[in-house]
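Residue numbers (the numbering used here), protein chains in the order written: chain A, 197 to 530; chain B, 915 to 1210; chain C, 11 to 372; chain D, 1243 to 1762.
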């Protein structure tokens, strides 16, 4: 009896992985989920996958904003968890993975928003953020040149950024500026730096100072401090365009456009790909409007009601051009 | 736009930026006079910012918000102060504790009350701009002095009140005496520690309002939004040589440097880091000149 | 002002540690999902897990060295709140020198880099000392301000002229791999740097306790008037201890670079300067006590990382635990401790009823 | 009027492991001046601190009007009319004299604000009522020592204290100030106050006290009517088995001697200290000579000390030491002994309270205790023990200075400064402060020994007895100027010096030894 019992169990143990193969997913967030739409949607993508694949498990880890600690934390995360796959998102993470990959050769990593080819257990997918910046810049240029009540005659648009960082300096800001200049070459871009990602009061002061100097459209990329920019723009009846996620509800009528990254969809897709064992390991992809992972959120009522049809038409035309490949941006190498 | 307009705008925004500094410095003044290094100003401000905003959001009343911020921050100050005094612990370390505690407790409560540990933006009433209607906001003087929201003026009144309290009141005299010579206060039959505690609670009170003056006009609570202002306030007190008037002036200099640097970012092609350093450099220079002048 | 602790040192420490421990357990009990798991992860795991243990000891190295720097300043009654900037500047100097010398032997690179780090940190400390000596600027404030400026300037250097063009981190290029300090417990970041730190600590103790320089420094710290009367140039002791303090912070930064990070990452040192102050105060400025103080501090840090990683405790809960521990750690008087001494006193009195030795009174 | 009794008071200090009081008792009779006498460390102050509520007794009872009372704080004692003026005054800097006097019960206006006018009026009234002449508007930090004491006494009087305890009230006062203090005390006694004076100065006690208690080693030896006991018997009682005071050592003026220190036409005029400057001081101190300089407070003594301690620079004139510019203190290593200095501020300048006795002694001769820059602890230990023995400091080398009584600190400093080999030049400021009779005799003897071995000694003191006892020549300062230089001898009396100090003309007959001729 006992022997039969044991045989049954051992058979079960051997067979189980073959039958169910539930995925153990670790999501490493180099920051904090709440307040960072990009990480929130990454987590949401993983959650959606887990919800649809019963038996799979998910561990989220927030590593905080100090980039110097990520290496140590990623290492402990990987060594403690024994995950089937670690999903993460940040341009600088591939460097870290490159450093620890030899230590954990069987550990698979998928990194969104990053670019690094040639590491056998890593697959990266980069958003074409020049494209994203360009779309936002083009929209900002159209708004600033329009006869909307908050727009002025000066050809000035602005950005309030938390800090300078490579993706910002090489992709986003140049893309934004190109977009502006595509509307009118006389546009100038005013970039102001906050010095951190949370001093909303100062962000508000910065935005006000910018507005008094003639800026009428601002793209804030300064983390939680962007609340200050929203406040300043709203108070003075000027306009904002936003990045990465649907932010219209924060200030309808002030936030006139959002150019989103479909991080949730991308994360979900990449996990499915992993489950189907079709992940192209060692490769690096670039995705953008064409692939459907960068999107101007132009279905939102706030967008439709606030912007005149002329602007909306020109934006649709732009998106169409990018989708069709008529207008393309060199895949950034990062 | 003439340079006069620009200067006016910079001045006006300096006066607005001065508000939290002035209030925090008014609070820190009491602990300084009582002879204590209070590095917890930062944490106390954050507490005030959170509870002030939460109360304003719940009640829809800014006045209640300001009060709640002041009270909550006073309560934290009381806890920090009594730990320091009763346990005879090192004030620097307990201050550090308060500064670590404030963001933690606000995040925990924020998760409970608002469902997020991040930015909480809700519709709360705008602070009124009480003098704008009377004096207009078109003239330069009007923009500099009369265009601000009520918390700016409240901060002036409170700062004056703090000066009066520290110089003219019985409590203020006792606190100063404690700082000047605690054993004499004990010899006179009072408990120096209770005046130190009173000073800490007062610093909490003012810092709480300082925090509320960050979150209420913004209509949002942002984690870590005090952003080093507590330290700057402390510097201002030193710069002002622990005198109310001079401390207020120091706060103004600091705010002016900051709003100038905000303006300068758009104007000159200097790396932003250097411009961000302007307030610190300005303070350092002012401190060097100020004390050397005093020494002669 | 920061007052030096007086009174019974060692005795109360045990009680304060106990109080801190109990209150943090209570917090874990209330706020974490599983008290037992969290407890094990917080208090046991940092010691039981090789990786955490290695990182914990690695973290002690800069804490000890920078804490020693704080002790030098505090013992001479100078207050160095500029540790952050000094560490940062020292690290930048060390990295730049190491990169420039990449063809040289490791020993030569170490010598040059650590000297550069000490010089950079020391220069900043000395600036505050100079301002104090010449212009009577309070060094507590000036060091803080200088540090705030320097952090911004170094940030600029990292993201501007010295940014590694191939990296997405805001970081300089890496130091030559051969120049990294030998690792002890891979994959943790523990390196031989800890021995350098211990050596510095013992040397610091020796200098403060046994040398003329240390004696004069402490005398200036204890009573300026008396020191002046004893013919000591107290101006010098406003400058030199700040210089040493800054230099040690610079070295602490270099230790972190050569021991763990391998390059200068923006914001990598955030908080170490403050932690060093805490460590020095816990050690009550006694260099040898820096070892247990740093160990305790690093243990807390490792424990919080472990519990965050393992039990999903949030940053906030860990933060509150740290806050509670800080609240107690320097307490010199606890209610039950007081009761204990008064008990001892009555005991003593009944036994030595007629003893007549008096050095006090009057 | 209240009667007060202290019964069987015990007090143990665990921090230093000493019994300060053992079965101490005391009876105060209302309306009398009562002196508590004893040598340094006899427990006088501790007993009085217990009476005033500053310390709590371990056992024993305090009876007021026959009722046992318990004081948890000075405020409790004050409620029963008991108040104490401490040896170190408790005036609060930053507040005016009036605020200091009324501190704790200021008149106030609505909302708890200070009634500034009311404070000034009340304080001035109070001062006038008891016959004090003090400007109550002055800030505490600008008050003289005597004025600070007045503030302290007025503070108690304002609180209606009828039992006033004064701890060593005369130790910081000049003769003139002592005189006026005593007349104030007599006046207070006449108005029905009970006064307790802690002192070890037999002469003064005999002058002012009605009754006295003698304390020794934490016990009360007995209570006496002041008129019943002779000074001699009293000092025997205080000193216990100590030998009776020696006859005054004959002082001789050495004829052929070399000037060690020369002060030439020195003036110090700083704007801030209008009245307290030095004006055209010329003075030289020769080897084997003690020059005593005496003055009333605020007449230049302090400035002279600061000048020679290197804290003030002369605006005019110069100071020469062995023919060279005056060096910084302790910076004359090429000379055996160098310069010794006993500062008047023994806690601030003379010692470091957070450090041990040994460290305080080592501090001043680092060249010899730190050969090659490293501490020679054996040598330091030996030297410390020796310095402690010279004047009988009651402490171990490792005791912290702050655990020592004031007298013992002074002895430690004197022992350090007057040790072998003697310094070339000694600057001694108020060397007798806080010392009991026995220590005083020993100190004087040592000073004269040092002189006889060849030191040049400049003695700055406000105690005329001390000046007369030790000096070869006496310099009197008045308003920063030299009012006279006289050779000490039988013709020089206290009254004569006192007159000079108050600016009542130079001494008659005595030749004013104006600037000494230099040896060239």
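Ideal placement from N, C-alpha and C gives every residue a C-beta, glycine not left out. Small disclaimer: the values here were computed from a predicted structure and weren't measured.
In the three-state reduction of the DSSP assignment, residue 1372 (chain D) falls in the coil class, being assigned neither a helical nor a strand state. Residue 1672 (chain D) carries a coil assignment under DSSP once its states are collapsed to helix, strand and coil. Close CB contacts of residue 340 (chain A) within its chain, under the 6 Å cut and outside five residues either way in sequence, are with 347, 353, 412 and 413 (chain order).
Residue 1328 (chain D) belongs to the set of residues whose beta carbon lies under 8 Å from a beta carbon in chain B.
Assigned with DSSP and collapsed to three states, residue 307 (chain A) falls in strand.
Distance from residue 194 (chain C) to residue 182 (chain C) at the Cβ level is roughly 25 Å; contact not present, criterion being Cβ atoms closer than 8 Å. Counting only the Cα atoms, residue 1326 (chain D) lies some 11 Å from residue 1411 (chain D). Take the alpha-carbon of residue 311 (chain C) and the one of residue 114 (chain C): they are about 36 Å apart.
Against chain B, the beta carbon of residue 379 (chain A) has no neighbour under 7 Å; the closest one sits roughly 21 Å away.
Check the Cα spacing between residue 265 (chain A) and each of C:210, C:230 and C:69: the tightest is with C:69.
If you look at residue 456 (chain A), you'll find it isn't in any alpha helix (DSSP H); it sits in the beta strand (DSSP E) that goes 451-457. Here residue 180 (chain C) carries a coil assignment [DSSP, helix/strand/coil]. A contact is defined here as three or more CB-CB pairs under 8 Å, and the segment 1605-1625 of chain D fails this definition with respect to the segment 1542-1562 of chain D.
Taking CB atoms only, residue 1673 (chain D) has no neighbour in chain B less than 8 Å away. With respect to residue 104 (chain C), residue 123 (chain C) sits close: the two C-beta atoms are nearer than 8 Å. DSSP lists A:356 as the beta-bridge partner residues of residue 416 (chain A). Around the C-beta of residue 438 (chain A), 16 or more other C-beta atoms lie within 10 Å, and the residue is accordingly described as buried. Note: residue 998 (chain B) is not bridge-paired with any residue in the DSSP secondary-structure output. Classified as exposed, residue 1026 (chain B) has fewer than 16 neighbouring CB atoms from the shown chains inside 10 Å of its CB. Distance from the CA atom of residue 1293 (chain D) to the CA atom of residue 1286 (chain D), rounded to whole angstroms, is 11 Å.
Contact holds between the segment 1125-1133 of chain B and the segment 958-971 of chain B, because three or more Cβ pairs, one in each stretch, are under 8 Å apart. Residue 1437 (chain D) is positioned such that its CB atom lies closer than 8 Å to that of residue 1408 (chain D). Here residue 443 (chain A) carries a coil assignment [DSSP, helix/strand/coil]. For a Cβ distance threshold of 9 Å, residue set 1348, 1350, 1354, 1355 and 1356 of chain D lies close to residue 1084 (chain B), ordered along the chain. Selection A:443, A:419, A:416 and A:398 evaluated against residue 1142 (chain B) yields A:398 as nearest (Cα-Cα). Chain-ordered listing is empty here: chain D has no CB closer than 7 Å to the CB of residue 183 (chain C), the nearest sitting near 42 Å. Secondary structure note for residue 1501 (chain D): it is in no alpha helix (DSSP H), and the uninterrupted beta strand (DSSP E) holding it is 1501-1510. Residue 1417 (chain D) sits buried, since 16 or more C-beta atoms from the chains shown fall within 10 Å of its C-beta. CA-to-CA, the gap between residue 32 (chain C) and residue 53 (chain C) works out to about 12 Å. With a cutoff of 8 Å on beta-carbon distance, residue 1117 (chain B) and residue 952 (chain B) are scored as near each other. Chain C places no beta carbon closer than 8 Å to that of residue 1620 (chain D), leaving this residue out of the contacts. Residue 1155 (chain B) has a beta carbon lying at 8 Å or more from every beta carbon in chain C. In this structure, DSSP gives residue 259 (chain C) a helical state, which the three-state scheme calls helix. In this chain, residue 1271 (chain D) is not harboured by any beta strand (DSSP E), its DSSP state being neither H nor E.
With respect to chain C, the C-beta atom of residue 257 (chain A) has a partner C-beta closer than 8 Å.
Under the Cβ criterion of 8 Å, residue 1103 (chain B) is counted among the residues facing chain D.
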